[in-house]
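Counting in the UniProt record's numbering, the sequence shown runs from 1 upward without gaps.
Glycine residues also receive a C-beta, built at the ideal position from the N, C-alpha and C atoms.
Values in this document were obtained by computation on a predicted structure and should not be read as measured data.
Read the structure below first, then the notes.
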Amino acid sequence: MNPYVLTILLSSLGLGTVLTFASSHWLLAWMGLEINTLAIIPLMARQYHPRAVEATTKYFLTQATAAAMILFASTTNAWLVGEWDIQQLTHPIAVTTAMLALALKVGLAPVHFWLPEVLQGLDLTTGLILSTWQKLAPFALMLQVAPTVNSSLIVTLGLLSTLVGGWGGLNQTQLRKILAYSSIAHLGWMVLIMQFAPSLTLLSLIMYIIMTSSAFMTLKTNNSLTINALAISWTKAPTLAALAILVLLSLGGLPPLSGFMPKWLILQELTKQGLPTSATLAAMTALLSLYFYLRLCYAMTLTIWPNTLAATTPWRLDFTHTTLPLSLVTMLALGLLPLTPAVAALLNL
(Lines of atoms letter the chains of each structure in order from A; the text may use other names.)
(Lines give C-alpha, C1' and ligand atoms only; values in the text may rest on other atoms or scores of the structure.)
Protein backbone atom coordinates (compact mmCIF):
# COMPACT_ATOMS: atom_id res chain seq x y z
CA MET A 1 0.00 0.00 0.00
CA ASN A 2 1.16 3.52 -0.80
CA PRO A 3 2.78 5.02 2.36
CA TYR A 4 0.86 8.30 1.95
CA VAL A 5 -2.46 6.45 1.75
CA LEU A 6 -1.46 4.33 4.77
CA THR A 7 -0.59 7.48 6.75
CA ILE A 8 -3.97 9.04 5.94
CA LEU A 9 -5.84 5.85 6.93
CA LEU A 10 -3.97 5.44 10.23
CA SER A 11 -4.43 9.16 11.02
CA SER A 12 -8.18 8.76 10.35
CA LEU A 13 -8.27 5.75 12.68
CA GLY A 14 -6.72 7.87 15.43
CA LEU A 15 -8.97 10.85 14.64
CA GLY A 16 -12.16 8.75 14.81
CA THR A 17 -11.27 7.31 18.20
CA VAL A 18 -10.19 10.66 19.66
CA LEU A 19 -13.37 12.31 18.32
CA THR A 20 -15.51 9.72 20.10
CA PHE A 21 -13.46 10.11 23.31
CA ALA A 22 -13.87 13.89 23.28
CA SER A 23 -17.56 14.05 22.37
CA SER A 24 -20.47 14.62 24.72
CA HIS A 25 -23.04 14.76 21.90
CA TRP A 26 -24.36 11.54 20.31
CA LEU A 27 -23.99 12.78 16.72
CA LEU A 28 -20.33 13.67 17.23
CA ALA A 29 -19.67 10.27 18.86
CA TRP A 30 -21.43 8.56 15.95
CA MET A 31 -19.29 10.50 13.47
CA GLY A 32 -16.15 9.32 15.28
CA LEU A 33 -17.27 5.69 15.09
CA GLU A 34 -18.05 6.04 11.36
CA ILE A 35 -14.64 7.60 10.60
CA ASN A 36 -13.07 4.70 12.48
CA THR A 37 -14.99 2.09 10.47
CA LEU A 38 -14.34 3.72 7.09
CA ALA A 39 -10.60 4.12 7.85
CA ILE A 40 -10.02 0.43 8.65
CA ILE A 41 -11.98 -0.96 5.67
CA PRO A 42 -9.22 -0.26 3.05
CA LEU A 43 -6.66 -1.75 5.47
CA MET A 44 -8.77 -4.90 5.73
CA ALA A 45 -9.25 -5.25 1.96
CA ARG A 46 -5.64 -4.54 0.95
CA GLN A 47 -4.94 -8.26 0.54
CA TYR A 48 -6.32 -9.19 -2.87
CA HIS A 49 -7.93 -12.34 -1.60
CA PRO A 50 -11.58 -13.46 -1.57
CA ARG A 51 -11.43 -14.15 2.20
CA ALA A 52 -10.22 -10.61 2.89
CA VAL A 53 -12.95 -9.07 0.74
CA GLU A 54 -15.57 -11.31 2.40
CA ALA A 55 -14.30 -10.34 5.87
CA THR A 56 -14.36 -6.64 4.92
CA THR A 57 -17.94 -6.89 3.63
CA LYS A 58 -19.13 -8.69 6.78
CA TYR A 59 -17.38 -6.12 8.97
CA PHE A 60 -18.88 -3.19 7.04
CA LEU A 61 -22.42 -4.59 7.25
CA THR A 62 -22.26 -5.31 11.00
CA GLN A 63 -20.69 -1.94 11.82
CA ALA A 64 -23.22 -0.10 9.64
CA THR A 65 -26.06 -1.94 11.42
CA ALA A 66 -24.62 -1.02 14.83
CA ALA A 67 -24.15 2.62 13.77
CA ALA A 68 -27.76 2.78 12.54
CA MET A 69 -28.94 1.37 15.89
CA ILE A 70 -26.91 3.99 17.77
CA LEU A 71 -28.47 6.76 15.66
CA PHE A 72 -31.91 5.27 16.26
CA ALA A 73 -31.32 5.07 20.05
CA SER A 74 -29.98 8.64 20.32
CA THR A 75 -32.79 10.04 18.14
CA THR A 76 -35.40 8.15 20.19
CA ASN A 77 -33.92 9.58 23.40
CA ALA A 78 -33.88 13.10 21.94
CA TRP A 79 -37.51 12.70 20.89
CA LEU A 80 -38.77 11.27 24.20
CA VAL A 81 -36.51 13.08 26.70
CA GLY A 82 -35.25 16.09 24.73
CA GLU A 83 -31.54 15.41 25.34
CA TRP A 84 -28.71 14.65 22.88
CA ASP A 85 -26.08 14.45 25.62
CA ILE A 86 -24.42 11.01 25.98
CA GLN A 87 -24.72 11.03 29.77
CA GLN A 88 -28.41 11.94 29.57
CA LEU A 89 -29.47 8.75 27.78
CA THR A 90 -32.22 7.84 30.25
CA HIS A 91 -35.18 6.35 28.38
CA PRO A 92 -35.22 2.52 28.84
CA ILE A 93 -35.77 1.74 25.11
CA ALA A 94 -33.00 4.11 24.02
CA VAL A 95 -30.56 2.85 26.68
CA THR A 96 -31.11 -0.84 25.86
CA THR A 97 -30.87 -0.25 22.09
CA ALA A 98 -27.64 1.77 22.49
CA MET A 99 -26.08 -0.89 24.74
CA LEU A 100 -26.92 -3.69 22.30
CA ALA A 101 -25.60 -1.62 19.39
CA LEU A 102 -22.29 -1.07 21.19
CA ALA A 103 -22.19 -4.79 22.05
CA LEU A 104 -22.53 -5.52 18.32
CA LYS A 105 -19.76 -3.00 17.59
CA VAL A 106 -17.22 -4.75 19.84
CA GLY A 107 -18.47 -8.32 19.32
CA LEU A 108 -20.06 -9.31 22.63
CA ALA A 109 -22.17 -12.48 22.78
CA PRO A 110 -24.92 -13.06 21.64
CA VAL A 111 -24.08 -10.66 18.76
CA HIS A 112 -20.53 -11.97 18.34
CA PHE A 113 -20.94 -14.15 15.23
CA TRP A 114 -19.17 -11.74 12.87
CA LEU A 115 -15.93 -11.43 14.88
CA PRO A 116 -14.27 -14.88 14.39
CA GLU A 117 -15.21 -14.91 10.69
CA VAL A 118 -13.89 -11.40 10.06
CA LEU A 119 -10.65 -11.94 11.99
CA GLN A 120 -10.02 -15.20 10.12
CA GLY A 121 -10.03 -13.34 6.79
CA LEU A 122 -7.46 -10.70 7.81
CA ASP A 123 -3.69 -10.66 8.06
CA LEU A 124 -2.23 -10.57 11.58
CA THR A 125 -1.36 -6.84 11.61
CA THR A 126 -4.87 -5.70 10.65
CA GLY A 127 -6.27 -8.35 13.01
CA LEU A 128 -4.27 -6.77 15.84
CA ILE A 129 -5.73 -3.31 15.06
CA LEU A 130 -9.24 -4.79 14.94
CA SER A 131 -8.78 -6.64 18.25
CA THR A 132 -7.27 -3.72 20.18
CA TRP A 133 -7.62 -0.18 18.81
CA GLN A 134 -11.12 -0.69 17.36
CA LYS A 135 -12.47 -1.60 20.82
CA LEU A 136 -11.49 1.71 22.43
CA ALA A 137 -14.14 4.07 21.01
CA PRO A 138 -17.18 1.79 21.64
CA PHE A 139 -15.90 1.05 25.16
CA ALA A 140 -15.64 4.78 25.92
CA LEU A 141 -19.36 5.07 25.04
CA MET A 142 -20.30 1.89 26.93
CA LEU A 143 -18.68 3.22 30.10
CA GLN A 144 -20.78 6.40 29.84
CA VAL A 145 -24.03 4.56 29.06
CA ALA A 146 -23.57 1.72 31.61
CA PRO A 147 -24.84 3.53 34.76
CA THR A 148 -28.37 3.84 33.35
CA VAL A 149 -28.59 0.32 31.83
CA ASN A 150 -30.46 -2.49 33.58
CA SER A 151 -27.78 -4.37 35.58
CA SER A 152 -29.32 -7.77 34.70
CA LEU A 153 -28.72 -7.04 31.00
CA ILE A 154 -25.07 -6.14 31.58
CA VAL A 155 -24.34 -9.17 33.79
CA THR A 156 -26.10 -11.46 31.28
CA LEU A 157 -24.07 -10.03 28.37
CA GLY A 158 -20.87 -10.46 30.38
CA LEU A 159 -21.48 -14.05 31.51
CA LEU A 160 -22.74 -15.13 28.08
CA SER A 161 -19.62 -13.66 26.44
CA THR A 162 -17.23 -15.43 28.84
CA LEU A 163 -19.08 -18.70 28.21
CA VAL A 164 -19.22 -18.34 24.40
CA GLY A 165 -15.59 -17.16 24.30
CA GLY A 166 -14.45 -20.25 26.20
CA TRP A 167 -16.76 -22.73 24.48
CA GLY A 168 -16.26 -21.45 20.94
CA GLY A 169 -12.47 -21.64 21.03
CA LEU A 170 -12.30 -25.28 22.11
CA ASN A 171 -12.61 -26.91 18.69
CA GLN A 172 -10.65 -24.40 16.58
CA THR A 173 -7.42 -25.06 14.70
CA GLN A 174 -6.99 -21.57 13.21
CA LEU A 175 -5.06 -19.26 15.53
CA ARG A 176 -6.90 -16.11 14.42
CA LYS A 177 -10.26 -17.67 15.30
CA ILE A 178 -8.87 -18.77 18.68
CA LEU A 179 -7.74 -15.20 19.37
CA ALA A 180 -11.19 -13.93 18.31
CA TYR A 181 -12.91 -16.19 20.86
CA SER A 182 -10.29 -15.16 23.42
CA SER A 183 -11.26 -11.55 22.67
CA ILE A 184 -14.98 -12.32 23.22
CA ALA A 185 -14.21 -13.95 26.59
CA HIS A 186 -12.07 -11.01 27.75
CA LEU A 187 -14.74 -8.51 26.66
CA GLY A 188 -17.22 -10.49 28.78
CA TRP A 189 -15.05 -10.00 31.88
CA MET A 190 -14.83 -6.26 31.20
CA VAL A 191 -18.59 -5.85 30.73
CA LEU A 192 -19.39 -7.98 33.79
CA ILE A 193 -17.83 -5.43 36.16
CA MET A 194 -18.63 -2.30 34.12
CA GLN A 195 -21.53 -1.06 36.26
CA PHE A 196 -19.92 -1.81 39.63
CA ALA A 197 -16.31 -0.66 39.07
CA PRO A 198 -15.69 1.15 35.75
CA SER A 199 -12.01 1.62 36.70
CA LEU A 200 -11.60 -2.18 36.72
CA THR A 201 -13.10 -2.36 33.22
CA LEU A 202 -10.46 0.12 32.09
CA LEU A 203 -7.70 -1.88 33.81
CA SER A 204 -8.93 -5.10 32.14
CA LEU A 205 -9.02 -3.39 28.74
CA ILE A 206 -5.44 -2.14 29.11
CA MET A 207 -4.20 -5.59 30.21
CA TYR A 208 -6.13 -7.26 27.38
CA ILE A 209 -4.57 -4.90 24.79
CA ILE A 210 -1.05 -5.59 26.14
CA MET A 211 -1.46 -9.40 26.17
CA THR A 212 -3.25 -9.59 22.80
CA SER A 213 -0.63 -7.35 21.17
CA SER A 214 2.08 -9.68 22.45
CA ALA A 215 0.23 -12.77 21.16
CA PHE A 216 -0.40 -11.28 17.68
CA MET A 217 3.18 -10.01 17.34
CA THR A 218 4.56 -13.42 18.34
CA LEU A 219 2.43 -15.15 15.69
CA LYS A 220 3.48 -12.50 13.14
CA THR A 221 7.17 -13.05 13.96
CA ASN A 222 6.80 -16.84 13.67
CA ASN A 223 4.52 -16.53 10.64
CA SER A 224 2.09 -19.02 12.24
CA LEU A 225 -1.61 -19.12 11.32
CA THR A 226 -2.59 -22.64 12.44
CA ILE A 227 -1.91 -24.79 15.50
CA ASN A 228 0.20 -27.15 13.38
CA ALA A 229 2.44 -24.29 12.25
CA LEU A 230 3.28 -23.58 15.91
CA ALA A 231 5.27 -26.83 16.02
CA ILE A 232 8.25 -25.21 14.25
CA SER A 233 8.25 -22.11 16.50
CA TRP A 234 11.04 -23.49 18.68
CA THR A 235 13.39 -23.87 15.69
CA LYS A 236 12.75 -20.33 14.45
CA ALA A 237 13.17 -18.50 17.78
CA PRO A 238 13.59 -20.73 20.87
CA THR A 239 13.50 -17.87 23.40
CA LEU A 240 10.40 -16.36 21.83
CA ALA A 241 8.67 -19.77 21.88
CA ALA A 242 9.38 -20.10 25.62
CA LEU A 243 8.05 -16.60 26.34
CA ALA A 244 5.01 -17.08 24.06
CA ILE A 245 3.82 -19.93 26.28
CA LEU A 246 3.91 -17.62 29.29
CA VAL A 247 2.01 -14.94 27.33
CA LEU A 248 -0.70 -17.49 26.46
CA LEU A 249 -0.97 -18.57 30.10
CA SER A 250 -1.15 -14.88 31.06
CA LEU A 251 -4.09 -14.51 28.62
CA GLY A 252 -5.66 -17.46 30.44
CA GLY A 253 -5.27 -15.61 33.75
CA LEU A 254 -2.81 -17.85 35.60
CA PRO A 255 -0.76 -16.47 38.50
CA PRO A 256 1.98 -15.23 38.82
CA LEU A 257 1.49 -13.56 35.41
CA SER A 258 -0.05 -10.17 34.60
CA GLY A 259 -3.32 -11.61 33.27
CA PHE A 260 -4.24 -12.83 36.74
CA MET A 261 -4.48 -9.27 38.09
CA PRO A 262 -7.74 -8.09 36.40
CA LYS A 263 -9.49 -11.45 36.94
CA TRP A 264 -8.54 -11.50 40.62
CA LEU A 265 -9.75 -7.93 41.22
CA ILE A 266 -12.97 -8.49 39.22
CA LEU A 267 -13.88 -11.66 41.16
CA GLN A 268 -13.14 -9.84 44.42
CA GLU A 269 -15.35 -6.89 43.43
CA LEU A 270 -18.22 -9.13 42.26
CA THR A 271 -18.16 -10.92 45.63
CA LYS A 272 -18.19 -7.56 47.44
CA GLN A 273 -21.23 -6.50 45.37
CA GLY A 274 -23.15 -9.60 46.52
CA LEU A 275 -22.86 -11.53 43.24
CA PRO A 276 -21.03 -14.73 44.26
CA THR A 277 -22.96 -16.82 41.69
CA SER A 278 -21.84 -14.59 38.82
CA ALA A 279 -18.27 -14.64 40.13
CA THR A 280 -18.30 -18.47 40.34
CA LEU A 281 -19.72 -18.83 36.81
CA ALA A 282 -17.14 -16.39 35.41
CA ALA A 283 -14.32 -18.29 37.14
CA MET A 284 -15.63 -21.60 35.74
CA THR A 285 -15.81 -20.25 32.17
CA ALA A 286 -12.21 -19.02 32.53
CA LEU A 287 -11.22 -22.71 32.76
CA LEU A 288 -12.67 -23.30 29.27
CA SER A 289 -10.47 -20.53 27.87
CA LEU A 290 -7.48 -21.89 29.77
CA TYR A 291 -7.94 -25.28 28.09
CA PHE A 292 -7.43 -23.95 24.55
CA TYR A 293 -4.47 -21.81 25.64
CA LEU A 294 -2.91 -24.98 27.07
CA ARG A 295 -3.56 -26.68 23.71
CA LEU A 296 -1.51 -23.96 22.02
CA CYS A 297 1.27 -24.34 24.62
CA TYR A 298 1.32 -28.09 24.04
CA ALA A 299 1.55 -27.61 20.25
CA MET A 300 4.35 -25.10 20.68
CA THR A 301 6.59 -27.00 23.07
CA LEU A 302 5.74 -30.69 23.26
CA THR A 303 5.20 -31.47 19.58
CA ILE A 304 7.86 -31.61 16.90
CA TRP A 305 7.56 -31.01 13.18
CA PRO A 306 7.85 -34.35 11.32
CA ASN A 307 10.61 -33.19 8.98
CA THR A 308 13.34 -31.77 11.22
CA LEU A 309 15.66 -30.88 8.33
CA ALA A 310 13.13 -28.45 6.85
CA ALA A 311 12.23 -27.18 10.30
CA THR A 312 15.76 -26.28 11.39
CA THR A 313 16.50 -24.18 8.28
CA PRO A 314 14.72 -20.97 9.45
CA TRP A 315 16.81 -20.98 12.63
CA ARG A 316 20.01 -20.43 10.60
CA LEU A 317 18.63 -17.41 8.74
CA ASP A 318 19.13 -13.82 9.89
CA PHE A 319 16.23 -12.46 11.93
CA THR A 320 14.80 -9.46 10.06
CA HIS A 321 11.79 -8.47 12.21
CA THR A 322 11.88 -5.44 14.52
CA THR A 323 11.52 -6.98 17.96
CA LEU A 324 11.48 -3.95 20.29
CA PRO A 325 7.64 -3.51 20.40
CA LEU A 326 7.27 -7.28 20.89
CA SER A 327 9.83 -7.27 23.71
CA LEU A 328 8.08 -4.39 25.50
CA VAL A 329 4.55 -5.80 25.38
CA THR A 330 5.76 -9.31 26.29
CA MET A 331 7.58 -7.93 29.34
CA LEU A 332 4.42 -6.08 30.41
CA ALA A 333 2.23 -9.14 29.74
CA LEU A 334 4.35 -11.25 32.08
CA GLY A 335 5.56 -9.07 34.93
CA LEU A 336 2.87 -6.64 36.16
CA LEU A 337 1.27 -8.80 38.88
CA PRO A 338 3.52 -7.46 41.70
CA LEU A 339 2.03 -4.01 41.02
CA THR A 340 -1.48 -5.21 42.01
CA PRO A 341 -1.49 -3.52 45.49
CA ALA A 342 -0.42 -0.22 43.93
CA VAL A 343 -3.09 -0.55 41.20
CA ALA A 344 -5.77 -1.41 43.80
CA ALA A 345 -4.81 1.61 45.91
CA LEU A 346 -4.83 3.83 42.82
CA LEU A 347 -8.30 2.66 41.80
CA ASN A 348 -9.62 2.89 45.40
CA LEU A 349 -10.62 -0.79 45.48
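(message) For Pro3, report the span of its alpha helix (DSSP H) as first-last.
(response) Pro3 to Ala22
(request) Have a look at the DSSP bridge pairing and note the partners of Gln172. (result) Partner(s): none; Gln172 has no beta bridge.
(request) Can you grab the Cα-Cα spacing for the pair Pro92 / Met217, in whole Å? (result) 42 Å
(request) Please classify His25: does DSSP put it in a helix, a strand, or coil? (result) strand
(message) Once DSSP output is grouped into helix, strand and coil, what is the label at Thr226?
(response) In the three-state reduction of the DSSP assignment, Thr226 falls in the strand class.
(message) Using only the alpha-carbon positions, how far apart do Leu230 and Trp114 sit?
(response) 26 Å
(request) Measure the beta-carbon distance from Val106 to Leu38 and round it to whole angstroms, keeping in mind my assumption that it falls under 8 Å. (result) No, Val106 and Leu38 are not in contact; Cβ-Cβ is about 18 Å, not under 8 Å.
(message) Under DSSP, the alpha helix (DSSP H) around Ser233 begins and ends at which residues?
(response) The continuous alpha helix (DSSP H) containing Ser233 extends over residues Ser233 to Lys236.
(message) Give me the residue from Thr62, Thr17, Leu275 and Thr239 with the minimum Cα distance to Leu136.
(response) With distances taken between CA atoms, Leu136 lies nearest to Thr17 out of Thr62, Thr17, Leu275 and Thr239.
(message) For the structure I just gave you, are there three or more beta carbon pairs, one from the stretch 254 to 262 and one from the stretch 152 to 168, closer than 8 Å?
(response) No contact exists between the stretch 254 to 262 and the stretch 152 to 168.
(request) Report all residues from its chain with a CB closer than 8 Å to the CB of Thr148; omit the five preceding and five following residues, and keep chain order. (result) Leu89, Thr90 and Val95
(request) Flag this pair as yes or no: are the beta carbons of Trp30 and Ile86 separated by less than 8 Å? (result) no
(message) For Phe292, count the other beta carbons within 10 Å of its own beta carbon; 16 or more makes it buried, fewer makes it exposed. Which is it?
(response) buried
(request) Have a look at Ser23 and Ala180 and give me their C-alpha separation to the nearest angstrom. (result) 29 Å
(request) Using beta-carbon positions only, say whether Gly141 and Pro110 come within less than 8 Å of one another. (result) For the record, residue 141 in the displayed sequence is Leu; it is not Gly. No, the pair does not count as a contact, with Cβ atoms beyond the cut-off.
(message) Here's a check: name, in chain order, each residue in its chain whose Cβ is nearer than 6 Å to the Cβ of Trp84, leaving out the five neighbours to either side.
(response) His25, Trp26 and Ala78
(message) Rounding to the nearest angstrom, what Cα-Cα distance links Val5 and Ala103 in this structure?
(response) 30 Å
(request) Would you mind working out which of Leu265, Ala286 and Ala242 sits nearest Tyr298, comparing C-alpha positions? (result) Ala242
(request) Just tell me which of Asn223, Thr212, Ile227 and Trp234 has its CA closest to the CA of Val247. (result) Thr212
(request) Could you spell out the range, first to last residue, of the alpha helix (DSSP H) harbouring Ile266? (result) Phe260 to Lys272
(request) Compute the minimum distance between the beta carbon of Ser12 and the heavy atoms of the ligand PLP, and state whether it is under 7 Å. (result) No copy of the ligand PLP occurs in the structure displayed, which carries no ligand at all.
(message) Our contact map puts Gln144 next to Asn36 with C-beta atoms below 8 Å; I'd like the distance itself, whole angstroms only.
(response) With 8 Å as the limit, Gln144 and Asn36 do not qualify as a contact, their Cβ atoms being about 17 Å apart.
(request) Sort out for me which residues DSSP pairs Asp85 with in a bridge. (result) His25
(request) Look up Arg46 in the DSSP assignment and say whether it is helix, strand or coil. (result) coil
(request) Between the Cα of Ile184 and those of Phe196, Ser204, Ala197 and Leu200, spot the shortest distance and give me the residue it belongs to. (result) Of the candidates Phe196, Ser204, Ala197 and Leu200, the one whose C-alpha sits nearest the C-alpha of Ile184 is Ser204.
(request) Determine, using beta carbons only, whether Ser224 and Leu170 come nearer to each other than 8 Å. (result) no
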